[in-house]
Amino acid sequence: KEKHKILHQLLQNST
Amino acid sequence: SHLLLTEPTPLAANQDDSTNDGSLRTLLTLCDLLNRELLVLIGWAKQIPGFSGLSLVDQMSLLQSGWMEALLVGVAWRSQGMPGEELVFAGNLRLDEAQCRAAGLADLYEALRHLTSKYQAMNLTPEEVVTLKAMALANSDADPVDCPDSVQRFQDELHEALQEYELSRREQHRAGRLLMSLPLLRQTADRAVQAFLQLHRHRCVPLHKLLLEMLDAKA
């Protein structure tokens, strides 16, 4: 998961 | 109609001016555009009915698998009927064969023109384009899947929407034809991913972090 940090963060942010 | 409403406004390219090398400038401009398109795509995915209800792991794997396919649907759609067979990456970033070749993107050009002609011959409607884009995202073969039932339901709902739309205009073969065009889209996206990975690895073209992360997920 560490490898895909940015995608992970962007998905967790609310729209 | 929900997909039509959530379709993002097309982005404009920001012309790179960090180098005098014309081909490199084209590449840097294109990669910057692609990185911003990715950001928009992730926001768009969250608005597709059913996507946000998937587990975070499944959302990630669908995006990691289908992002290039979803983006290329847009490029192929915008490039239809262009004089000089240009590829329209953005309203202000249109590349013809010679420009692509000079930038080391001859293979990408050929693959994308092929996809564009295919879509053009099919005479797609905007409704079909947005559904195709969402289905490209849902149709991942990513493995392992966290919750297969939810992903399946997500796929079924998009399929059902497409079937309903085609039946409403008495086109009984269209849904099948669109689904049968998905392998070409996958193949084109694979070639595009390879092209960008090569730019980065062999020609050391710097890429933005998000784009690199998404390419790495496919490497």
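Sequence lines, in order, name chains A and B.
To convert a position in the first sequence, counted from 1, into the numbering used here, add 312.
To convert a position in the second sequence, counted from 1, into the numbering used here, add 7.
Glycine included, each C-beta is placed from N, C-alpha and C at the ideal position.
Sorted by chain position, which residues of the same chain lie with C-beta nearer than 6 Å to residue i's C-beta, five sequence neighbours on each side aside?
i        : result
B:Glu104 : Tyr116
B:Ser59  : Lys53
B:Leu169 : Thr138 and Ala182
B:Pro90  : none
B:Ile55  : Ala141
B:Leu214 : Cys38 and His207
I need the DSSP call for residue i, collapsed to helix, strand or coil.
i        : result
B:Arg176 : coil
B:Val4   : Any answer about residue 4 of chain B is impossible in this case: the structure gives chain B only from 8 up to 226.
B:Leu100 : strand
B:Ile49  : helix
A:Gln321 : helix
B:Gln22  : coil
B:Thr16  : coil
B:His215 : coil
B:Val152 : coil
B:Phe161 : helix
B:Thr132 : coil
B:Gly29  : helix
B:Gln205 : helix
B:Lys140 : helix
B:Gly60  : coil
A:Thr327 : Because A:Thr327 sits at a pLDDT of 49, beneath the cut-off of 50, its placement in the model cannot be relied upon, and the following sentence gives the value as read from the coordinates. The answer is coil: DSSP assigns A:Thr327 none of H, G, I, E or B.
If you drop the 5 nearest sequence neighbours on each side, which residues of the same chain put their C-beta closer than 7 Å to that of residue i?
i        : result
B:Glu14  : Val137
B:Gln159 : none
B:Gln106 : Thr33
B:Arg43  : Leu18
Count the other CB atoms, across all protein chains shown, that sit within 10 Å of the CB of residue i; report buried if there are 16 or more and exposed otherwise.
i        : result
B:Leu69  : buried
B:Glu135 : buried
B:Asn146 : buried
B:Met75  : buried
B:Arg208 : exposed
B:Arg210 : exposed
A:Thr327 : Summary for A:Thr327: the model assigns pLDDT 49, below 50, so the residue's position carries little reliability, and this model does not support an answer.
A:Gln324 : exposed
B:Gln71  : buried
B:Met67  : buried
B:Ser25  : exposed
B:Ser86  : buried
Just to make sure I have the definition right: I need the residues of chain A whose C-beta is within less than 9 Å of the C-beta of residue i. Which are they?
i       : result
B:Leu11 : Within chain A, no residue comes near B:Leu11; the closest Cβ sits about 18 Å away, beyond 9 Å.
Which residues in chain A have a C-beta closer than 8 Å to the C-beta of residue i? List them in chain order.
i        : result
B:Lys216 : Ile318
B:Ile49  : Leu319, Leu322 and Leu323
B:Glu220 : Lys315, His316, Lys317, Ile318 and Leu319
Report yes if the C-beta of residue i is less than 8 Å from at least one heavy atom of the ligand HEM; otherwise report no.
i       : result
B:Gly98 : Of the ligands one can find in the structure shown there are none, so the ligand HEM has no counterpart to examine.
Report the neighbours of residue i on chain A: residues whose CB is nearer than 7 Å to its CB, in chain order.
i        : result
B:Met89  : Within chain A, no residue comes near B:Met89; the closest Cβ sits about 32 Å away, beyond 7 Å.
B:Ala224 : His316
Here's a check: name, in chain order, each residue in its chain whose Cβ is nearer than 8 Å to the Cβ of residue i, leaving out the five neighbours to either side.
i        : result
B:Arg184 : Met129
May I ask you to list, following chain order, the residues of the segment 131-144 of chain B that have a beta carbon less than 7 Å from some beta carbon of chain A?
none
Contacting positions in the segment 58-71 of chain B - beta carbon closer than 9 Å to chain A:
Ser59, Leu63, Val64, Gln66, Met67, Leu70 and Gln71
Going along the segment 34-45 of chain B in order, which residues come within less than 7 Å of chain A, judged by CB to CB distance?
none
With 9 Å as the limit, tell me which residues of the segment 87-112 of chain B have their beta carbon closer than that to any beta carbon of chain A; keep them in chain order.
none
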